[in-house]
Amino acid sequence: MIGPPFWLSVKVTAIAAILIFTIGTALALWLVRRRPRGRMVIETLIMLPLVLPPSVVGYYLLIVLGQQGPIVKWFGIRTLFSPTAAVIAATVVGLPLMVQAARAAIAAVDPALEQAARTLGCKETMVLWRVTLPLAKRGLLAGIVLGATRALGEFGATLMVAGNIPGRTQTLPLAIYDAVQTNQHDLTTQMVLLMTGLGFFSLWAVRRWEPTSRGRDRS
Amino acid sequence: MSRLLVQARRHDARFELNVDFSVDNGTLVLFGASGAGKTSTLHAIAGLLALDGGRIQVDDTVYYDASQGVNLPASQRRLGYVFQNYALFPHLTVLQNIAFGLGSQRDRLEHARQWLTRMRMKDFGERYPHELSGGQQQRVALARALAPRPRLLLLDEPFAALDRVLRERLQAELRQLQHDLSLIVIYVTHSLDDAFAVGDHMAVLHEGHVLQQGPLDDVFQHPANETVAEILGIRNLFRASVVGSQLDWLGLPLHTEITDRDKDEVSLYIQPSEVKIMYPDAPVAEGLRDNLFDAEIITRQRHAAGWSMRVRLSNDQNIEIHHATTAYNELDLTPGQSIRVAMKREALQILRRGDSA
Chain B
35 MIGPPFWLSV KVTAIAAILI FTIGTALALW LVRRRPRGRM VIETLIMLPL VLPPSVVGYY
95 LLIVLGQQGP IVKWFGIRTL FSPTAAVIAA TVVGLPLMVQ AARAAIAAVD PALEQAARTL
155 GCKETMVLWR VTLPLAKRGL LAGIVLGATR ALGEFGATLM VAGNIPGRTQ TLPLAIYDAV
215 QTNQHDLTTQ MVLLMTGLGF FSLWAVRRWE PTSRGRDRS
Chain P
5 MSRLLVQARR HDARFELNVD FSVDNGTLVL FGASGAGKTS TLHAIAGLLA LDGGRIQVDD
65 TVYYDASQGV NLPASQRRLG YVFQNYALFP HLTVLQNIAF GLGSQRDRLE HARQWLTRMR
125 MKDFGERYPH ELSGGQQQRV ALARALAPRP RLLLLDEPFA ALDRVLRERL QAELRQLQHD
185 LSLIVIYVTH SLDDAFAVGD HMAVLHEGHV LQQGPLDDVF QHPANETVAE ILGIRNLFRA
245 SVVGSQLDWL GLPLHTEITD RDKDEVSLYI QPSEVKIMYP DAPVAEGLRD NLFDAEIITR
305 QRHAAGWSMR VRLSNDQNIE IHHATTAYNE LDLTPGQSIR VAMKREALQI LRRGDSA
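Which chain is which? The protein sequence lines are B and P, in order.
Counted the way this note's numbering counts, the first sequence spans residues 35 to 253.
Counted the way this note's numbering counts, the second sequence spans residues 5 to 361.
Here it is in structure tokens:
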């Protein structure tokens, strides 16, 4: 059955994408505009899931989300082996791609344009909405597409913190693994082609949205 | 009558800003070399640069007062700012750019269209900034800054990137706008042409300080000190009275083309390198006969580019002469020697004021 894992993947990815976009954009704004102390360390930590084995990321998440972890101890929220855990795992691995793209896009916005907006009566939030974010739009779009696609394809960390429970936490990548294990060749092929198509489409979209050499966006 | 008062202090490791000046209606030129603090001063007035002390005030509106803890954010200062390179929003059309500062007024687009017409750019409203020429971009930037009806307009080297013809046209338009809207204009430039074309007053900036402020002519005629004169780039500047078709410089007749015949007095200068020294026995070339004077060498100094001399003319005034190391090798140019100097008619530059509208 391709339905349940597909729709679960869609839901998990959609929620993760919203989180990745908001957290990633906020982080990028903070890093670029506020230039906090220890920026290099913070940036490196955010990027770490890109290079760590999924099992390492999964292990850290197990500690944070587990019975002895702060989420359970302080907030009493149990997430392990639930779809929520799958969302968290997907968010953590997708975030670096978003932050990277958003940082570059926001840093490329000419500060003089933001200053011009201020002299024209814009408060800081309006500067963000009317100038900074629209001008960084292409980079932000590219970042969220890459991040969401990475979230959709998340396998290892999800397996460790959300498990592989059919109908509950079994996303497409996990279902593919199961289908291979149980020799369901047709199902495997369908799901593999689906994932490949989605991946192709997202990379193609990113190429289209890549900032042009003029750095302008006229849409 | 409006009045802007600026006292702005800021110290950091790299730069010290400590400016103090005031402007009434009219155009004040902030003049100085790059790095003198011109842009920082504009940023301070606009609220784009944090200050350590001082007071900035337009009429009754206090923008900044360190002693009272007042610091109005840039968004509430309601002034017009034309940035270097214009800073037009590339993602918005010309019309949207001009309407940007008009908030949520219902007729904001209508108002913006009126500005387009006023700037003779009626048909360009739907274009994007990168589709415009430099002069058109400059007009849009001016319209965008003026559309919210500010009392104060700040311009940062606005016409630097434009060719001469365009620059002169925009300078005239700016004067007209200043007059029509009775604006206080602060105009940053390092070009004398610009300064004279648009300015009424001038403040000379050097290393973050105002060295001199006053009516443009006064600053030019009486530089407060050598630094000011050097910044203004004037060496041989003098005032002469108009007598018929020629000029009289304290008893010395000067021949040059006079365009402002209605004036009694003109300011003029000659570049030190344009003053030629005559060989005693050689015939005088055609172009040098008009202004030929006896002079006595006072000082003579070697510079990287050549020699510089001060000589005294028969009217007891000193002028400076620069010449290349290779020139006048056969002449004895030691201090105390008498020489003859010549100034071509066209080398005598009469400083022209822009006609204030």
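Each residue gets a CB set at the ideal place from its N, CA and C atoms; glycine is no exception.
What you are looking at is a predicted structure, and each value in this text was computed from that prediction instead of being measured.
Report the neighbours of residue i on chain B: residues whose CB is nearer than 9 Å to its CB, in chain order.
| i | result |
| --- | --- |
| proline 152 of chain P | Leu154 and Gly155 |
| alanine 50 of chain P | Gln149, Arg152 and Thr153 |
| phenylalanine 163 of chain P | Neighbours of phenylalanine 163 of chain P on chain B: none; closest Cβ ~17 Å, over 9 Å. |
Can you pull the chain B residues whose beta carbon is under 7 Å from the beta carbon of residue i, in chain order?
| i | result |
| --- | --- |
| serine 79 of chain P | Arg152, Gly155, Cys156 and Lys157 |
| glycine 107 of chain P | Gly155 |
| leucine 209 of chain P | Neighbours of leucine 209 of chain P on chain B: none; closest Cβ ~20 Å, over 7 Å. |
| leucine 83 of chain P | Thr153 |
| phenylalanine 200 of chain P | Per Cβ cutoff of 7 Å: no residues; phenylalanine 200 of chain P is ~27 Å from chain B at best. |
Do you know offhand how far residue i's Cα is from residue j's?
| i | j | result |
| --- | --- | --- |
| isoleucine 76 of chain B | leucine 180 of chain B | 21 Å |
| glutamine 72 of chain P | arginine 184 of chain B | 54 Å |
| valine 279 of chain P | glycine 51 of chain P | 47 Å |
| alanine 78 of chain P | methionine 160 of chain B | 13 Å |
| glutamate 290 of chain P | methionine 313 of chain P | 25 Å |
| serine 360 of chain P | leucine 335 of chain P | With a pLDDT of only 30 at serine 360 of chain P, under the threshold of 50, the placement of this residue in the model should not be trusted, and no figure is reported. |
| threonine 113 of chain B | histidine 219 of chain B | 33 Å |
| threonine 166 of chain B | valine 66 of chain B | 12 Å |
| serine 277 of chain P | lysine 348 of chain P | 11 Å |
| phenylalanine 19 of chain P | alanine 70 of chain P | 19 Å |
| valine 223 of chain P | threonine 231 of chain P | 12 Å |
| leucine 92 of chain P | alanine 146 of chain B | 9 Å |
| glycine 190 of chain B | serine 89 of chain B | 6 Å |
| phenylalanine 234 of chain B | glutamate 177 of chain P | 55 Å |
| valine 214 of chain P | alanine 62 of chain B | 40 Å |
| alanine 201 of chain P | aspartate 285 of chain P | 44 Å |
| glycine 103 of chain B | threonine 59 of chain B | 27 Å |
| threonine 65 of chain P | valine 240 of chain B | 49 Å |
| proline 200 of chain B | glycine 128 of chain B | 23 Å |
| alanine 308 of chain P | glutamine 353 of chain P | 26 Å |
| asparagine 322 of chain P | arginine 14 of chain P | 40 Å |
| glutamine 175 of chain P | arginine 143 of chain P | 11 Å |
| valine 270 of chain P | leucine 241 of chain P | 11 Å |
For a contact defined as C-beta to C-beta under 7 Å, what are the partners of residue i on chain P?
| i | result |
| --- | --- |
| valine 165 of chain B | Phe93 |
| proline 168 of chain B | His95 |
Identify which residue in the options has its Cα closest to the Cα of residue i.
| i | options | result |
| --- | --- | --- |
| arginine 239 of chain P | P/Asn229, P/Val247, P/Ser245 and P/Val246 | P/Asn229 |
| tryptophan 311 of chain P | P/Gln321, P/Asp298 and P/Thr329 | P/Thr329 |
| asparagine 29 of chain P | P/Ile190, P/Ser271, P/Ala40 and P/Glu234 | P/Ile190 |
| histidine 259 of chain P | P/Asp268, P/Leu337 and P/Arg293 | P/Arg293 |
| leucine 186 of chain B | B/Trp64, B/Arg112 and B/Met229 | B/Met229 |
| leucine 337 of chain P | P/His307, P/Ala346, P/Asp285 and P/Ile281 | P/Ile281 |
| leucine 95 of chain B | B/Thr223, B/Gly197, B/Ala48 and B/Lys157 | B/Gly197 |
| valine 195 of chain B | B/Gln101, B/Gln224 and B/Leu154 | B/Gln101 |
| glycine 36 of chain P | P/Ala199, P/Leu55 and P/Phe19 | P/Ala199 |
| leucine 175 of chain B | B/Phe109, B/Val106, B/Ile54 and B/Asp144 | B/Ile54 |
| glutamine 204 of chain B | B/Ile97, B/Arg73, B/Val90 and B/Val121 | B/Val121 |
| glutamine 88 of chain P | P/Pro227, P/Val247, P/Tyr283 and P/Leu159 | P/Leu159 |
| serine 44 of chain P | P/Val33, P/Ser26, P/Gln100 and P/Ala12 | P/Ala12 |
Across which residues does DSSP place residue i in a beta bridge pair?
| i | result |
| --- | --- |
| lysine 280 of chain P | P/Ala346 |
| asparagine 75 of chain P | P/Tyr68 |
| isoleucine 325 of chain P | P/Met313 |
| glutamate 1 of chain B | Beyond the ends of chain B as shown, which are 35 and 253, falls residue 1 of chain B; an answer cannot be given. |
| alanine 244 of chain P | P/Val270 |
| proline 219 of chain P | P/His205 |
| glutamate 300 of chain P | P/Arg316 and P/Ser342 |
Go ahead and pull the three-state DSSP assignment for residue i.
| i | result |
| --- | --- |
| aspartate 359 of chain P | Only weak support is given to the placement of aspartate 359 of chain P: the predicted model assigns it a pLDDT of 33, under 50, and the value that follows is read from those uncertain coordinates. If DSSP states are grouped into helix, strand and coil, aspartate 359 of chain P belongs with coil. |
| leucine 9 of chain P | strand |
| serine 43 of chain B | helix |
| serine 236 of chain B | helix |
| isoleucine 188 of chain P | strand |
| valine 23 of chain P | strand |
| histidine 15 of chain P | strand |
| glutamate 290 of chain P | helix |
| glycine 177 of chain B | helix |
| threonine 118 of chain B | helix |
| glutamine 149 of chain B | helix |
| arginine 36 of chain B | Inspection of the sequence shows that residue 36 of chain B is occupied by isoleucine rather than by arginine. In the structure shown, isoleucine 36 of chain B sits in coil (DSSP, three-state: anything other than H, G, I, E or B). |
| phenylalanine 93 of chain P | coil |
| methionine 206 of chain P | strand |
| arginine 81 of chain P | coil |
Mind pulling the chain B residues with CB within less than 8 Å of residue i?
| i | result |
| --- | --- |
| leucine 99 of chain P | In chain order: nothing, as chain B lies at least about 14 Å away. |
| tyrosine 273 of chain P | Neighbours of tyrosine 273 of chain P on chain B: none; closest Cβ ~36 Å, over 8 Å. |
| phenylalanine 87 of chain P | Ala146, Gln149 and Ala150 |
| phenylalanine 128 of chain P | The contacting residues do not exist; phenylalanine 128 of chain P stays about 15 Å from chain B at best. |
Using a threshold of 8 Å, is the CB atom of residue i nearer than that to any non-hydrogen atom of the ligand FAD?
| i | result |
| --- | --- |
| glutamate 300 of chain P | Ligands in the displayed structure: none, and consequently the ligand FAD is not present. |
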